[in-house]
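Chains Z and A, in that order, give the protein sequences.
All the letters of the first sequence, read from the start, carry residue numbers 113 to 256 under this note's numbering.
All the letters of the second sequence, read from the start, carry residue numbers 113 to 256 under this note's numbering.
I have placed the structure first, in the form of structure tokens, so that the comments after it can refer back to it.
Protein chains: 2
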Amino acid sequence: MADVAAGALIEALRADGFRVTAPRRAICEALAAHHDDHLTASTLHAAAEHRSVARIDISTVYRTIDALEQAGLLHHVHLGHGPAVLHLSDHVQHHHLTCEVCGLTIDIGIGELEELTQSVAERHGFTIDSGHFALIGRCRAHEG
Amino acid sequence: MADVAAGALIEALRADGFRVTAPRRAICEALAAHHDDHLTASTLHAAAEHRSVARIDISTVYRTIDALEQAGLLHHVHLGHGPAVLHLSDHVQHHHLTCEVCGLTIDIGIGELEELTQSVAERHGFTIDSGHFALIGRCRAHEG
DNA sequence: CTCGATGCAAAGGTTTTGCACCAGG
DNA sequence: CCTGGTGCAAAACCTTTGCATCGAG
Chain Z
113 MADVAAGALI EALRADGFRV TAPRRAICEA LAAHHDDHLT ASTLHAAAEH
163 RSVARIDIST VYRTIDALEQ AGLLHHVHLG HGPAVLHLSD HVQHHHLTCE
213 VCGLTIDIGI GELEELTQSV AERHGFTIDS GHFALIGRCR AHEG
Chain A
113 MADVAAGALI EALRADGFRV TAPRRAICEA LAAHHDDHLT ASTLHAAAEH
163 RSVARIDIST VYRTIDALEQ AGLLHHVHLG HGPAVLHLSD HVQHHHLTCE
213 VCGLTIDIGI GELEELTQSV AERHGFTIDS GHFALIGRCR AHEG
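Below, the structure is given as structure tokens:
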């Protein structure tokens, strides 16, 4: 089923006028296979290269991420420190609670932010992209 | 009054066992003078050097930021992209709405997040550090 | 064939670290 | 004095860009 999702990504890229190449296939497969692992550009790079005979450059990974984002298939989220994490757009939307001490990241449902999003939009004319940020704090093990 | 606040920072540093040096004085003064300008390490560096006869190294700024954070006098917030912004802890707490297109940053009151913070804490055993992240989205000029 | 995509290398921006010297307490 | 702080230089880290070559369509 990872292959199905990867195929869908590939086809969507093609439909958007992007070329389908071996590195992109590997990247999309890695993305589909590890979709809930909070992939970063560099872990995605590693996973993609693992499925590929040839070397894949990290810049190719970034350019493919750009292509997928332009096609609306992928989002990146900035956790507090560290690199951005990647999420496929057709996933269950969720937010991230990231512990600033240990980096533990908990997923929470999008619903928990909905009222907030709405009131902020009304009051400030600002549309929160609720898939684009993490809520930083302390997990139970690191309170205080 | 900027000097009063700067003096308070300096005294707090001293009380915490940190040494008070010329660069730190300049940094604290700059911090007190520009507290609502969304300072970053590099703009703080510029402002501090401006008030100083001698050169101040950017690494000294980062180390002083660390000291102030250890003393609980300062927080840094990660806006989506770009560098972290700095806030004095004794300020009116607020959040940031950052437009991912133009970087416009709107301050919103802490109260708007309170219910959310509380329910998340209860449900996930996670304490949101509501001074430590920005809410990324689109401002009115860049909706859609 | 043509233009987009690739690998490689280099650079950019932010933050961190090693080191010898200086100065606060 | 003695330890912590400083400037300087270099590196680490994530990401972007320039360029000649390759290959998808």
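The C-beta atom is built at its ideal place from N, Cα and C for all residues, glycine as well.
Bear in mind that the values here come from a model prediction, so they are computed numbers and not experimental data.
Output, in chain order, the set of chain Z residues within a Cβ distance shorter than 9 Å of residue i.
| i | result |
| --- | --- |
| Cys214/A | Near Cys214/A there are no residues of chain Z at all, since even the closest Cβ is about 12 Å away, more than 9 Å. |
| Arg252/A | His236, Gly237, Phe238 and Thr239 |
| Leu198/A | Simply none; closest approach about 15 Å. |
Sorted by chain position, which residues of the same chain lie with C-beta nearer than 7 Å to residue i's C-beta, five sequence neighbours on each side aside?
| i | result |
| --- | --- |
| Ala163/Z | First, the amino acid is wrong: residue 163/Z is Arg here, not Ala. Excluding sequence neighbours, Arg163/Z sits near Ala138, Glu141 and Ala142. |
| His157/A | Ile168, Ile170 and Val173 |
| His147/Z | Leu200 and His203 |
| Ile222/A | Gln205, His206, His207 and Ser242 |
| Ala179/A | Leu125 and Phe130 |
What residues in its chain sit with their C-beta under 8 Å from that of residue i, if we drop five residues either side in the sequence?
| i | result |
| --- | --- |
| Asp149/A | Thr155 |
| Ala246/A | Val189, His190, Leu191, Gly192, His207, His208, Leu209, Thr210 and Thr217 |
| Arg250/A | Cys211, Glu212, Val213 and Gly256 |
| Ala114/Z | Confidence in Ala114/Z is poor, its pLDDT being 49 and thus under 50, which makes the residue's placement too unreliable to answer from. |
| Ala233/Z | Thr239 and Ile240 |
| Glu181/Z | His187 and His188 |
| Glu227/Z | none |
| Ala196/Z | Thr152, Ala153, His188, Val189 and His190 |
| Leu121/Z | Cys140, Leu143, Ala144, Leu180, Leu185 and Leu200 |
| Ala118/A | Arg137, Cys140, Glu141, Leu143, Ala144 and Ala145 |
| Glu257/A | No answer is possible for residue 257/A: it lies beyond the span of chain A, which begins at 113 and ends at 256. |
Which bits of chain A does residue i rub up against, with CB to CB less than 7 Å?
| i | result |
| --- | --- |
| Ile248/Z | Asp241, His244 and Phe245 |
| Glu255/Z | Thr239 |
Given that residue i touches chain Z, what residues does it touch there, using C-beta distances under 8 Å?
| i | result |
| --- | --- |
| Gly192/A | His190, His244 and Phe245 |
Among residues of its own chain, excluding the 5 on either side of residue i, which ones have a beta-carbon nearer than 6 Å to its beta-carbon?
| i | result |
| --- | --- |
| Leu151/A | Leu198 |
| Asp128/Z | Ala183 |
| Thr229/A | Ile240 and Ser242 |
| Ile248/Z | Gly192, Thr210 and Glu212 |
| Glu133/Z | In the sequence as displayed, the identity of residue 133/Z is Thr instead of Glu. Nothing listed; no residue qualifies. |
Please compile the residues from chain A whose C-beta is within a distance smaller than 8 Å of the C-beta of residue i.
| i | result |
| --- | --- |
| Leu121/Z | Those within 8 Å of Leu121/Z in chain A number zero; the least Cβ separation is about 23 Å. |
| Leu209/Z | Val232, His236, Phe238 and Ile240 |
Is the CB-CB distance between residue i and residue j below 9 Å?
| i | j | result |
| --- | --- | --- |
| Leu125/A | Leu200/A | no |
| His236/Z | Ile220/A | yes |
| Pro135/Z | Ala183/Z | no |
| Ala153/A | Ile177/A | yes |
| Glu123/Z | Ser231/A | no |
Below 7 Å between beta carbons is the criterion; list the residues of the stretch 216–244 of chain Z that meet it against any residue of chain A, in chain order. Ile218, Ile220, Glu224, Leu225, Leu228, Ser231, Val232, His236, Gly237, Phe238, Thr239, Ile240, Asp241 and His244
Using a Cβ cut-off of 8 Å, which residues of the stretch 165–186 of chain Z contact any Cβ in chain A, in chain order? none
In chain order, which continuous runs of the beta strand (DSSP E) of length 3 or greater are located wholly inside the stretch 166–237 of chain Z? 186–189, 197–200, 206–211 and 217–221
Where are the alpha helix (DSSP H) runs, 4 residues long or more, that stay fully inside the stretch 127–154 of chain A, in chain order? 134–145
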